[in-house]
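Below you'll find the structure, written out as structure tokens, and then a few comments.
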Amino acid sequence: MKIATYNINGIKARTQALLDWLAEASPDVVCLQEIKSVDEAFPREPFERLGYRVETHGMKAFNGVAILSRLPLEDVTRRLPPRSDADDPDEQARWIEATVLGKRAVRVCGLYLPNGNPAPGPKYDYKLAWMDRMLARTRTLLGQEEPLVLCGDYNVIPQAEDAANPKDWIEDALFLPQSRAALQRLINLGLTDAIRARNQSPGHYTFWDFQRGAWERNNGIRIDHLLLSPQAADLLVDAGIDKAVRGRDKPSDHVPVWIELDA
DNA sequence: ATGGTTGTGCGACAA
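Per the working numbering, the very first residue in the first sequence carries number 14; after that it's consecutive.
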């Protein structure tokens, strides 16, 4: 089972780019972020023609996540559950889960973690609260002791080696110590960072800013991650970053990241 | 220090 995550940065502007990549990469499951579309306006038909089921959780203009799958899906859940009845509902469209029925059943969560800039401020507070909520949800899911994949745009640079110019990010919400500590707490629950597990060397990026010639200078960061439960990590066969997609016409600022599971 | 780019939807705003 090949599972990918791809921040598409506007599905309407990049429907053809996504179709092209699907045809060549042939993933079974794709978690999309920043679809920037309400559910009714998502261009489902071309993906359904390729054999993909389409489950969306969108909102107007911003954010929005989706799962495309050519394997059957069960138990689709939208929104991150509140930690208690006193908690606000998760009002931004940033989380979708489904069980993918392959050779094995795999629970797949597609997430678009808040950017959090500028920090400090209310947006950064929202990011940290969201990460705390994700931590609680992950604890619950890990309790099932089943293959689980948490994938998406985490908007967190895990370590200095995950940025071409780490000094540029010192005061950024993507690299602040609190952001990295919150990601580490999540990983410490027992998750495996698939790209790191398969490739220890630095310099593997998933995002290059549209501005200041970041792509041309390879000034990238690694912020799109696939984190695996122990049961999923046991099934890990391969993982990769489709970097070449960033060099095409009118690309997203992110590229697809994927794993192959024996499932 | 500032400005640089892009998508959505048509004015900002988020990134």
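Backbone N, C-alpha and C define an ideal beta-carbon position, used for all residues, glycine too.
All values reported here derive from a predicted model rather than from experimental measurement.
- DSSP, reduced to helix, strand and coil, places Gln224 outside both helices and strands of the structure shown, so it counts as coil.
- C-alpha of Lys263 to C-alpha of Ala26: approximately 9 angstroms in a straight line.
- DSSP places Gly129 outside both helix and strand once states are collapsed to three, so it counts as coil.
- Counting only unbroken stretches of 3 or more residues, the beta strand (DSSP E) elements lying wholly within the stretch 147-208 are 161-166, in sequence order.
- In the three-state scheme derived from DSSP, where H, G and I count as helix and E and B as strand, Gly253 is classed as strand.
- Contact holds between the stretch 75-91 and the stretch 116-135, because three or more Cβ pairs, one in each stretch, are under 8 angstroms apart.
- Rounded to whole angstroms, the gap between the alpha carbons of Thr151 and Leu199 is 8 angstroms.
- For Asp103, no alpha helix (DSSP H) segment is defined, and its DSSP state is neither H nor E.
- Of all alpha-carbon atoms in Asp181, Asn201, Leu196 and Asn168, the one lying nearest the alpha-carbon of Leu187 is that of Asn168.
- Here Val268 carries a coil assignment [DSSP, helix/strand/coil].
- When DSSP reads this structure, Lys15 sits in a beta bridge with Glu273.
- Assigned with DSSP and collapsed to three states, Glu37 falls in helix.
- Between the stretch 99-109 and the stretch 59-72, the count of C-beta pairs closer than 8 angstroms reaches three or more; the two stretches touch.
- If one requires a minimum length of 3 residues, the beta strand (DSSP E) runs lying completely within the stretch 47-93 are 66-70, 78-82 and 86-91, in chain order.
- When the beta-carbon positions are compared, Val67 and Arg57 come within less than 7 angstroms of each other.
- Membership of Ala245 in any beta strand (DSSP E) is not indicated; the residue belongs instead to the alpha helix (DSSP H) covering Pro243 to Ala246.
- Judged by DSSP in its simplified three-state form, Ala26 adopts coil rather than helix or strand.
- Distances from the CA of Val113 to each of Tyr19, Val162 and Pro135 were compared; the closest alpha carbon is that of Val162.
- Comparing alpha carbon positions, the residue from Asn231, Ser50, Ser242 and Leu35 closest to Arg62 is Leu35.
- Under DSSP, Val42 shares a beta bridge with Ile16 and Ser82.
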